[in-house]
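Residue numbers (this note's numbering): 67 to 250.
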């Protein structure tokens, strides 16, 4: 595989209108599930150990395989090393304790490395924070972020509902909003 670094800009207009960038390297999954759309791509930040990243990306692909990812079209999933995670999220104005975020305009979802570790106190802490049983945080994070991606939704309350629908095996019915019209 030809190695090269890409620079991806994540415009976080919803997160305090700040801009940050993450250096990433696209990866090819040798055992990519055939049911995954070819429109989905995977990358890792350059600070993430390549072999661990490949293992994590394969695990992410297996989780994604259970959900209607064909509804999101062209999308990049990035696995990010934990070393700079909190700093990056703070720069974006987000919650540094969150293990994932999506930038809808860039069509990118970024997952923290710790989500792919099998035994980790941070993973257990995040699961407790969200009231989840141990071992379920990756599926929760994936379905939450798919709620953003599938429905193009920014409102966390709706995204939570969409994620729950996905975990229950129900395709989310995305809300459609219309501007209120003023009657004369």
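Backbone N, C-alpha and C fix where the C-beta goes; we use that ideal spot for every residue, glycine too.
All figures in this text were calculated on a predicted structure; none of them were measured in a lab.
May I ask you to report which of helix, strand or coil DSSP gives residue i?
{"i": "residue 119", "result": "helix"}
{"i": "residue 146", "result": "strand"}
{"i": "residue 249", "result": "Residue confidence is low: residue 249 scores 38 on pLDDT, short of 50, so the model does not pin down where it sits. No coordinate-derived value is stated."}
{"i": "residue 182", "result": "helix"}
{"i": "residue 219", "result": "coil"}
{"i": "residue 102", "result": "coil"}
{"i": "residue 205", "result": "helix"}
{"i": "residue 78", "result": "Reliability fails at residue 78, whose pLDDT of 31 lies under 50, so the model's placement of it is uncertain and the value that follows must be treated cautiously. Strand at residue 78."}
{"i": "residue 237", "result": "coil"}
{"i": "residue 212", "result": "helix"}
{"i": "residue 226", "result": "helix"}
{"i": "residue 126", "result": "helix"}
Closer than 7 angstroms by C-beta to residue i: which residues in its own chain qualify, once you throw out the five before and the five after it? Chain order, please.
{"i": "residue 207", "result": "165, 166, 177 and 181"}
{"i": "residue 238", "result": "213, 216, 217, 228, 231 and 232"}
{"i": "residue 152", "result": "162"}
{"i": "residue 93", "result": "108, 109, 110, 119, 120 and 123"}
By Cβ distance below 8 angstroms, which residues in the same chain neighbour residue i in space, the five residues on each side in sequence not counted?
{"i": "residue 203", "result": "165, 181, 189, 192, 193 and 196"}
{"i": "residue 126", "result": "108, 143, 145, 177, 182, 204 and 208"}
{"i": "residue 224", "result": "213, 217 and 241"}
Can you tell which of the options has its C-alpha closest to the C-alpha of residue i?
{"i": "residue 226", "options": "210, 140 and 107", "result": "210"}
{"i": "residue 108", "options": "160, 123, 155 and 114", "result": "123"}
{"i": "residue 91", "options": "113, 171 and 141", "result": "113"}
{"i": "residue 170", "options": "139, 99, 131 and 132", "result": "139"}
Whole angstroms are fine: how far does the CA of residue j sit from the CA of residue i?
{"i": "residue 249", "j": "residue 220", "result": "The pLDDT assigned to residue 249 is 38, lower than 50, so where the model puts this residue is not dependable; a value taken from the coordinates is nonetheless given after this. So the two alpha carbons sit approximately 28 angstroms from each other."}
{"i": "residue 159", "j": "residue 88", "result": "15 angstroms"}
{"i": "residue 173", "j": "residue 137", "result": "13 angstroms"}
{"i": "residue 236", "j": "residue 102", "result": "18 angstroms"}
{"i": "residue 105", "j": "residue 135", "result": "9 angstroms"}
{"i": "residue 115", "j": "residue 150", "result": "14 angstroms"}
{"i": "residue 100", "j": "residue 234", "result": "23 angstroms"}
{"i": "residue 130", "j": "residue 97", "result": "14 angstroms"}
Could you tell me which residues DSSP pairs with residue i in its beta bridges?
{"i": "residue 176", "result": "144 and 167"}
{"i": "residue 92", "result": "109"}
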